[in-house]
Each structure stands twice: as structure tokens, then as C-alpha cells.
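Each protein sequence line maps, in turn, to chains A and B.
In case it helps, our numbering puts the first sequence at residues 131 to 338.
In case it helps, our numbering puts the second sequence at residues 131 to 338.
We put the CB at the ideal spot given by N, CA and C, even for glycine.
The structure displayed is predicted, hence computed values, not measured ones.
Since the structure comes first, as C-alpha cells, the remarks are kept for the end.
Protein chains: 2
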Amino acid sequence: MGGVRSGRMSRRRESLLKAAAEVFFEQGYAAASIDAIIERAGGSKRNIYSEFGNKQGLFAAIVTGNADKALSSLPIDNVEKRDLAETLTVFGRHLLRIYMSPTVIGIYRLAVTEANRFPDLAKAFYEQGPGRTTIRLAQILEEAQKRDEIRMGDCRHLADRFMGMIRDNLHLQVVLGLRPPPSEKEADEAVRSAVDLFLNGVRISRHT
Amino acid sequence: MGGVRSGRMSRRRESLLKAAAEVFFEQGYAAASIDAIIERAGGSKRNIYSEFGNKQGLFAAIVTGNADKALSSLPIDNVEKRDLAETLTVFGRHLLRIYMSPTVIGIYRLAVTEANRFPDLAKAFYEQGPGRTTIRLAQILEEAQKRDEIRMGDCRHLADRFMGMIRDNLHLQVVLGLRPPPSEKEADEAVRSAVDLFLNGVRISRHT
DNA sequence: GGCCTCCGGTAATAGTCGTTACCATTGACG
DNA sequence: CGTCAATGGTAACGACTATTACCGGAGGCC
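As C-alpha cells, then:
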């Protein structure tokens, strides 16, 4: 055993995961049938059961794997030196791109759908995705508070609000299949507007 | 025929709808079985088929009926005279209460889940719910613009941002079953914070 | 090369689900 | 009180699905 077989294994495993993800995303957990997955991936059902144990195992592998891949990259690393507005813009753009990617849309749907059946999954999705991002954003805001750039207030809640603005009705419409993901231009415009609103609000300044 | 029978009919119809809504909300469309619904509602499967035709008919009746009931009430009628901040607060509180109600959470899940299988349903849900609310909010903002209370800008987009802030990570967490709906106090605090952010932003004013 | 282990495919199993045919019962009306 | 129509419940049907037993073949080890 060793290199060759594990290479073949992992290639087959990957093609199974890919096909299964497609079917699960399209049909949902309950309606997705093993037969349909095999029809797309080729091979035999026996493969799935020896690799993942059962349907639940396959499902878990897909969700955790894709969530890891898609959600792990945090948008901010070493931008502490930049302007807060620019930092938020970069952050928001990265966030929006992730949220709107077909993979994350699919996982979002599955997590919402199967929250009752697989509570751990929903928890893992939130914590690895929006949860972690919110925490990181809250840190950034706290540093900005220390530099007296923004008002005092609960940064965790502020971060929640910002995430909400980025997600917005746009995300809802895409999740509901009512419109395609936004183009680069639309996304940039949405983020710019959200950052502006977050920083300045809409009220007319009294000193103009 | 007449009063008595239609009364019995509608009472039975209602109890069927209630039980079916519970099962669909808990299990999703594909996994919900007619047997499970009958077990909760009493009676026999024959009832469902003579009343709703088939499973799809029952599902459609539930979603449109509940969506109508829960989403039809618009939060603002004649508050034009009040302060914009107060208007937004009332609006947001009403919105948040609706979004967090178990019925709407259930419908939200179903709409997201079955967006592929029933595209019309997703569309109807959005238009009757968030869509209409956003349009109404945009009108309110336009009036505020005319009164020079807020800056110029696309009110439709501003309304989207506000809706996003109200929904927030809080809604996501509830939808994912990670936390219960917020108490009155938490909801009020969230709305207050969102309105404040929407109006004033976080940047420290230069004239303080 | 021969044996043996393991892997992939086919077909069977057991259970479930949506839907419908059939029968008992009930309530209304003459 | 008898007839009739409609309605509710039981059981059956056909299709489908997750899971597993069985078998043929391919590839590694001595």
C-alpha cells in the first residue's frame, strides 16, 4: 500500500465529494439520493459506504470540508497601518465575495435547512464563518477605538451590524435564487456604501 | 349543505394546516411525511387528499397562508409627523419582532430550502416580506431627504442596509437554531443601536 | 507464476412514502 | 323509518431509497 493507492483513493474521494456536493446543494439532504450521486461521480455505491460509512458521513465530510476551504481565509492580516475606512472596505469586499460564492451559498442553504437534523453542523458553520469573522472585526474596531477614531460602544455589536449590512437583502435574494451573485462592480459599490454608512451615518452633519 | 358543513370543513382544514406547518417547519418538505402530519392532526390521509389534492397543494397552502398572515402587516402607517429616529425605531422593532417569530423563521427556512423546487414560493416570500418592507422604508427615507434630515443617496440601497442591520447575525443565529429569539429587552437594544448607527455612524464627530 | 487479499459492481433486502381503491359509517332527506 | 350520498378510515400498490450480501477480477507478496 502507500503512495499509489492513497493517491487513487484521495482522487476518488475528491470526485465523490464534488459530485455529492453538487447533488446536496441542488436537492437538499433528504431528497438527495445516493444513486444520483453515483450517477454523477461514476463508480459504485460500495465506494461511498467504504469511504464515508453512510449518508450522514458523506454529508458531514462535504460540509466541514467545504466550510473549511471557503471560510477559513480571514480577510485581514496586517493592515493595521491603513486607514480604517480602507480596512473596512477591504474586509467587506472579501467578506462579500466569500458570502456570494456558489459554494458558500450552497452550504448556507444546507446549514439553514438541516439545522434541526444536524445541530453540530450549524454550529460549526457559524463559528468557522460569520462567528470568527465577527470576532476579528470586533478586534479591529477596538483598536480603532483606542486610537480615538470611532466612538465608544460594544464593538461586538458594531461588528454584527456591519456584517448585517454587508449581507443585506442582496445575500437574501441570492440565497432565494431571485438574482445572480453581484458583479465585481455591484459588490464594490455595495461595500463602499456600507462602509460610508457605518462610518458617517445618514444624518446631515450640523457643521456643514 | 352550507354553514354547518363548511364550518366543520374549515375547522378540520385549519387543524390540518396547523399540524402540517409544524411538521414541515421541523422536517423540511422532503422529509415531512403525510403520515407524520396525520399522526399529529388526527383523522386520516384521505382528508388531506380531498382537501388539498396532494402534498404540494398542502405545502403551498401553508406557505402562502402563513406568509400572508405574518408578513402582511406593515409597521408604519401614519407616523410621518414623528421624529425620523423614532420612526425608524418603531419600524425596526416591528420588523425584528416579525422576523424572529417562530412562524416566519419556519417559513424563512422553507423558502431558502425549497428555492430550487418551488421558485415561485421564494419569490412570493421575498416580495410580500422583505421586498415590500424595503420599498416602504425607502419611501420614508425619501421623505426625510426632502425635509433635509438626511443626506442624499439611493434610498433603496439605504433601506437595504437598514434591513440588513436589523436582521444581522442575530437573525442568522436564530435561523441556525444556535440561540433562542431575543427577549424584548435585547430586541429593543439591538434596534436602538442599529438606528443610532444608521443615523450617526461611528466616526467621532470633528466638532466635539 | 501461484496464492491471497482487497476492491468494485450487481443485485437483493427491508423499510418508507405518496397516492388510491375499497368498505363501513354517518347524517340528511323524503 | 328507509334510501342515498358523502365522508372517514384501513389496507393495498407501486415506486424509491439506504444499506448490505455476494461474487468476479485485479493487483501485491512470496
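When Met293/B, Asp278/B, Phe221/B are compared, the shortest CA-CA separation from Tyr256/B is found for Met293/B.
Spanning the alpha carbons of Phe189/A and Asn330/A requires a straight line of approximately 44 Å. Of Ala160/A, Leu306/A, Ala200/A, Pro311/A, the smallest CA-CA separation from Pro260/B is found for Leu306/A. The beta carbon of Glu156/B sits closer than 8 Å to some beta carbon of chain A. Sequence-distant partners of Ala241/B (beyond 5 residues in either direction) whose C-beta falls short of 7 Å from its own C-beta, in its chain, are Leu251, Ala252, Phe255. At the C-beta level, Asp290/B and Thr264/B come within 8 Å of one another. Closest by C-alpha distance to Ser203/B, out of Asp165/B, Leu225/B, Thr219/B, is Leu225/B.
Gln275/B and Met282/B have their C-alpha atoms spaced approximately 6 Å apart. Between the alpha carbons of Gly173/A and Glu314/A lies a distance of about 39 Å. With distances taken between CA atoms, Leu146/B lies nearest to Arg176/B out of Gly158/B, Gln157/B, Arg176/B.
Separation of Arg247/A and Asp213/B (C-alpha to C-alpha, rounded to the nearest whole angstrom) is 46 Å. Rounded to the nearest whole angstrom, the C-alpha separation of Leu302/A and Val321/A is 16 Å. Scanning its chain for C-beta atoms nearer than 6 Å, with the 5 sequence neighbours on each side dropped, one finds around Ala317/B the residues Leu226, in chain order. Beta-bridge pairing by DSSP links Ile235/B to no other residue. Within the same chain, Cβ atoms closer than 6 Å to the Cβ of Arg223/A are found at Val321, the five residues on either side in sequence being excluded. Near chain B, meaning a CB-to-CB distance below 9 Å, the residues of the region 280 to 291 of chain A are Ile280, Arg281, Gly283, Asp284, His287, Leu288, Ala289, Asp290, Arg291. Contact annotation: in the region 231 to 252 of chain B, residues whose CB is within less than 7 Å of a CB in chain A are Arg239, Ala241, Val242, Thr243, Ala245, Asn246, Pro249, Ala252.
If the five residues before and after Val153/A are omitted, its C-beta is found closer than 7 Å to the C-beta atoms of Ala162, Ala166, Ile167, Arg170, all from its own chain and listed in chain order. Across the region 259 to 276 of chain B, CB contacts with chain A closer than 7 Å involve Pro260, Thr264, in sequence order along the chain. Contact of Asp198/B with chain A is not assigned, every C-beta pair being separated by 8 Å or more. In this structure, the CA atom of Arg239/B is about 25 Å from the CA atom of Lys199/A. Under the Cβ criterion of 8 Å, Asp298/A is counted among the residues facing chain B.
Membership of Ala254/B in the alpha helix (DSSP H) is indicated by the continuous run 249 to 256. Annotation for Tyr229/B: Arg297, His301 place their beta carbon closer than 7 Å to its own, counting only its chain and skipping 5 residues before and after. Cβ-Cβ distances below 7 Å link Ala215/A to Val325, Leu329 in the same chain, with the five nearest sequence neighbours on each side left out; the list follows chain order.
The Cβ of Arg333/B sits closer than 8 Å to at least one Cβ of chain A.
By the beta-carbon neighbour count (other beta carbons within 10 angstroms, threshold 16), Ser323/B is buried. Boundaries for Val332/B: no alpha helix (DSSP H) harbours it, and the DSSP string shows neither H nor E there. The Cβ-Cβ distance between Ile192/A and Ala245/A does not fall below 8 Å.
Using beta-carbon distances, Ala150/A does not count as an interface residue toward chain B, since no partner is under 8 Å. With fewer than 16 other Cβ atoms inside 10 Å of its own Cβ, Gly187/A counts as exposed. Think of a sphere of 7 Å around the beta carbon of Gly307/A: the chain B residues whose beta carbon falls inside it are Ala245, Asn246, Pro249, Ala252, in chain order. The C-beta of Asn184/B has fewer than 16 other C-beta atoms within 10 Å across all chains shown, which makes the residue exposed. Note that the C-beta distance between Thr233/A and Asn196/A is below 8 Å. Excluding five sequence positions before and after Ser231/A, the CB atoms of its chain that fall closer than 8 Å to its own CB belong to Ala200, Pro311, given in chain order.
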